[in-house]
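Numbering (our numbering), first residue to last: 365 to 873.
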């Protein structure tokens, strides 16, 4: 196995391209990564090397494609959240409820897939016969469950290449860990890939000061990360309130034309003033804190699939939780079903008046009903419901909707920015108690520092850092901020905070 540890913006994609080019036939490569953003970038840049969506995808998409168990519906995120609420309401273990309803989460599906592949070694061997090389990008982002699947792939495919950066491991809350990546890197049996380690993305000032920050972490591999000769610019401003920060950002935004902008924050509450001023001044932007799939679209899909779909009972339960005001009656009925077996008719009668007649009575009306919705391809919902396309088509449509074309200005969490970059990056909420937040535990400080590091290394030209003095008490409580880092100010009736130690660690002039 060959391995590369490289810092942000140092051209890992170029290294992947060189690996593929040296082998001559990119169609023999299976390329897997963690985020859709990274995969899209790889597909775009490696298209001329026979790399496409057929052999370059997220690990999750790979698992869905080759999943041996097609009898279970793989839950969308919103479906998983709703089903967990229902599980609590009827006091039945979530996994047991999933078994009863023939559904599964992504993690459950991958765990079953791993177990099946281990006990049926020929299954994946046949599926992967067309590939002789495996490339895993962003390895540090995968959790132990996903890494177990990757381990199997490494054994099945002749040549393997692992790429990643332990300093960019930011999905600890999903049980991701860089430990295994570091272990692979330190294993003398693994060959280290050669790499320039020049940061082509970030200006020199960001490279210099970001390195000052990340070297404070003890659990990491120290690696070369060289400048590219472009000086760039970093600004830090401490203003009084989030409203003042929003005004300052607006003043900068109106000067920017035809360049990309990322506005990042550790927590959503810190960005609300920016969103308001953008809306008030008709600034076009994409808000990643807002679901791109409208709730009414989700509801319609449940309505349709509760009548025509393969997993009628699951969709009827999700629909019932959403639409029935008498939750107690709903929970009691579900408990009876668990005790006495599934009675689809009884639950359907309870919901009968909640499902539009346009869906129940006339398939042509259903087509019209759907074709008038937000998205031109929503007609596929109907095709999926009556079984004229594959079972996972609806989920694919939803995921395509989540990836609609974005505006030049994107507003999102720092976590969401992983795999992205922009000419101008604005970071808000950089206060002690927000990031880092010691209330999350001292053992998470290095992880929070890595998150901050990921945020600042998204910038290609300018980096604007903002902290504020005053924060409302309700925001401290609602967002579980570390209250010890804020002092109540009787004059302003707000809490006074201080700039994040992470900004201090940058050692700005």
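Glycine is no exception: its CB is placed at the ideal position from the N, C-alpha and C atoms.
Computed from a predicted model, the values in this text were never measured in an experiment.
Once you ignore the five residues that flank residue i on each side, which residues in its own chain have a CB closer than 6 angstroms to its CB?
| i | result |
| --- | --- |
| residue 365 | 524 and 554 |
| residue 614 | 641 |
| residue 804 | none |
| residue 628 | 778, 781, 791 and 819 |
| residue 774 | 626 and 650 |
| residue 591 | 568 and 571 |
| residue 610 | 637, 638 and 641 |
| residue 653 | 632 |
| residue 409 | 377 |
In terms of residues, what are the limits of the alpha helix (DSSP H) holding residue i?
| i | result |
| --- | --- |
| residue 605 | From DSSP, residue 605 is part of no alpha helix (DSSP H); its letter is neither H nor E. |
| residue 326 | A query on residue 326 cannot be resolved here, the shown segment of the chain reaching from 365 to 873 and no further. |
| residue 547 | 543-550 |
| residue 486 | 485-491 |
| residue 401 | 400-409 |
| residue 428 | 423-430 |
| residue 464 | 458-464 |
Once you ignore the five residues that flank residue i on each side, which residues in its own chain have a CB closer than 8 angstroms to its CB?
| i | result |
| --- | --- |
| residue 811 | 533, 534 and 536 |
| residue 755 | Residue confidence is low: residue 755 scores 42 on pLDDT, short of 50, so the model does not pin down where it sits. No coordinate-derived value is stated. |
| residue 446 | 682, 685 and 686 |
| residue 513 | 423, 427, 474, 477, 478 and 481 |
| residue 562 | 374, 375, 590, 591 and 592 |
| residue 522 | 496 and 497 |
Here's the rule I'm using: 16 or more other beta-carbon atoms within 10 Å means buried, otherwise exposed. How should residue i be labelled?
| i | result |
| --- | --- |
| residue 474 | buried |
| residue 796 | buried |
| residue 395 | buried |
| residue 746 | The pLDDT assigned to residue 746 is 38, lower than 50, so where the model puts this residue is not dependable, and the model offers no usable value. |
| residue 832 | buried |
| residue 873 | exposed |
| residue 384 | buried |
| residue 771 | exposed |
| residue 441 | exposed |
| residue 740 | Residue placement at residue 740 is poorly supported in this model, since its pLDDT is 35, which falls under 50; the coordinates still yield a value, given next. Burial call: exposed. |
| residue 721 | Note that residue 721 scores 48 on pLDDT, short of 50, meaning its location in the model is unreliable; the coordinates nonetheless yield the value given after this. It counts as exposed. |
| residue 403 | buried |
| residue 462 | buried |
| residue 837 | exposed |
| residue 552 | exposed |
| residue 643 | exposed |
| residue 418 | exposed |
Could you pull the start and end residues of the beta strand (DSSP E) that residue i belongs to?
| i | result |
| --- | --- |
| residue 517 | From DSSP, residue 517 is part of no beta strand (DSSP E) but of the alpha helix (DSSP H) over 508-520. |
| residue 527 | 523-528 |
| residue 447 | It is not in any beta strand (DSSP E) - residue 447 instead sits in the alpha helix (DSSP H) that spans 441-453. |
| residue 575 | From DSSP, residue 575 is part of no beta strand (DSSP E) but of the alpha helix (DSSP H) over 568-578. |
| residue 860 | 858-860 |
| residue 866 | Residue 866 -> not in any beta strand (DSSP E); alpha helix (DSSP H) instead, spanning 865-870. |
| residue 786 | 786-791 |
| residue 396 | 393-397 |
| residue 852 | 851-853 |
| residue 774 | 773-777 |
| residue 499 | 497-500 |
By alpha-carbon positions, which one of the options ends up nearest to residue i?
| i | options | result |
| --- | --- | --- |
| residue 866 | 440, 818 and 404 | 818 |
| residue 391 | 414, 373 and 397 | 414 |
| residue 827 | 800, 617 and 678 | 617 |
| residue 518 | 531, 489 and 696 | 489 |
| residue 485 | 700, 786, 515 and 644 | 515 |
| residue 860 | 699, 643, 834 and 460 | 834 |
| residue 372 | 483, 815, 467 and 496 | 815 |
| residue 483 | 432, 465, 457 and 566 | 432 |
| residue 802 | 565, 824 and 845 | 845 |
| residue 546 | 799, 787, 584 and 858 | 584 |
| residue 541 | 509, 418 and 522 | 509 |
| residue 487 | 621, 460, 520 and 472 | 520 |
| residue 581 | 448, 807, 857 and 787 | 807 |
| residue 798 | 635, 379, 459 and 419 | 635 |
| residue 691 | 452, 386, 368 and 421 | 452 |
| residue 596 | 852, 862, 851 and 787 | 787 |
| residue 393 | 557, 697, 411 and 399 | 411 |
| residue 630 | 577, 419, 776 and 500 | 776 |
| residue 405 | 501, 468, 579 and 624 | 501 |
| residue 566 | 853, 855, 493 and 784 | 784 |
| residue 679 | 576, 559, 578 and 450 | 450 |
Below 7 angstroms CB to CB, which residues in the same chain sit around residue i once its five sequence neighbours on both sides are set aside?
| i | result |
| --- | --- |
| residue 443 | 682 |
| residue 847 | 840 |
| residue 604 | 832, 833 and 834 |
| residue 645 | 614 |
| residue 454 | 695, 698 and 699 |
Distance cutoff 9 angstroms, beta carbons only. Does residue i sit that close to anything in chain C?
| i | result |
| --- | --- |
| residue 407 | Any reference to chain C falls outside this structure, which holds one protein chain only. |
* **Continuous alpha helix (DSSP H) assignments of at least 4 residues falling wholly in the region 595-655** => DSSP runs (the alpha helix (DSSP H)) wholly in the region 595-655: 606-617 and 636-644.
* Asked: Considering only residues of the region 820-849, which uninterrupted beta strand (DSSP E) runs meet the minimum length of 3 residues and lie entirely inside it, listed in chain order?
  -> Segments of the beta strand (DSSP E) lying fully in the region 820-849: 823-832.
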